[in-house]
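> Okay, handing you the structure first.
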Amino acid sequence: MDPMTSVLLPSAQSLVTAILTDGWTHVRDALARRWSRQTGEARADVERRLDTAHRQAAGMGDDEAVQRAYWAGYLAAVLAERPAMLDVVRELPDMPDLHNTNNGTVTNLIQARDVHGNISFGPQ
Numbered sequence: 045m046d047p048m049t050s051v052l053l054p055s056a057q058s059l060v061t062a063i064l065t066d067g068w069t070h071v072r073d074a075l076a077r078r079w080s081r082q083t084g085e086a087r088a089d090v091e092r093r094l095d096t097a098h099r100q101a102a103g104m105g106d107d108e109a110v111q112r113a114y115w116a117g118y119l120a121a122v123l124a125e126r127p128a129m130l131d132v133v134r135e136l137p138d139m140p141d142l143h144n145t146n147n148g149t150v151t152n153l154i155q156a157r158d159v160h161g162n163i164s165f166g167p168q
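Taking the working numbering, I'd label the letters of the sequence shown as residues 45 to 168.
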């Protein structure tokens, strides 16, 4: 399987989904934290680089397929310049800090992933 299919497309899909559901700032912070840790680059520099990419992507419209293609290309360029980022890119679809957070008041909020065992919701 080629890297585009096995690494870049799932990672780009995850990134776009997270941007649309969690918001850019949350996604940028999570990605910049890992990127900085992996490469030793200053987090502020990484955040600026990501913000520039996000502005360019936003200029391409709202079509998710276009956004996925843009971010797949962006991630490919990052990997070409920084091979040490392969693990970060590969882990994007499974990064728990990249998906769904709540920062407000919610009456009912349920979020689940990989639920196993004897779990119930609601009054006991």
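No residue lacks a Cβ here, since even glycine has one placed at the ideal position from N, Cα and C.
Whose C-alpha, out of 103, 102, 72, 139, is nearest the C-alpha of residue 88?
Nearest option by C-alpha distance: 72.
> Thinking just about the alpha-carbon of each residue, which of 61, 115, 132 is nearest to the one in residue 95?
Minimum Cα distance to residue 95 is reached at 115.
> Determine the contact status of residue 132 and residue 93, defining contact as a CB-CB distance below 7 Å.
Contact flag unset, no.
> CB-CB under 6 Å to residue 126, same chain, minus the five flanking residues each way: which ones, in chain order?
Excluding sequence neighbours, residue 126 sits near 83.
> Applying the criterion that 16 or more other CB atoms from any shown protein chain within 10 Å of the CB defines a buried residue, is residue 111 buried or exposed?
The residue in question, residue 111, is buried, as its Cβ has 16 or more Cβ neighbours within 10 Å.
> Rounded to the nearest angstrom, how far is the Cβ of residue 130 from that of residue 55, given a contact under 8 Å?
No, residue 130 and residue 55 are not in contact; Cβ-Cβ is about 10 Å, not under 8 Å.
> Out of curiosity, what's the CA-to-CA distance linking residue 128 and residue 106?
Near 31 Å, if we compare the C-alpha coordinates of residue 106 and residue 128.
> Where does residue 138 fall in DSSP's three states?
Three-state result, residue 138: helix.
> CA-CA distance, residue 53 and residue 134?
Answer to the nearest angstrom: the Cα atoms are 10 Å apart.
> Quick one: Cα of residue 66 to Cα of residue 76, how far?
In a straight line, the C-alpha of residue 66 is about 15 Å away from that of residue 76.
> Identify, in the order they occur along the chain, each residue of the same chain with its Cβ nearer than 7 Å to the Cβ of residue 68, setting aside the five sequence neighbours on each side.
So the qualifying residues of the chain are 98.
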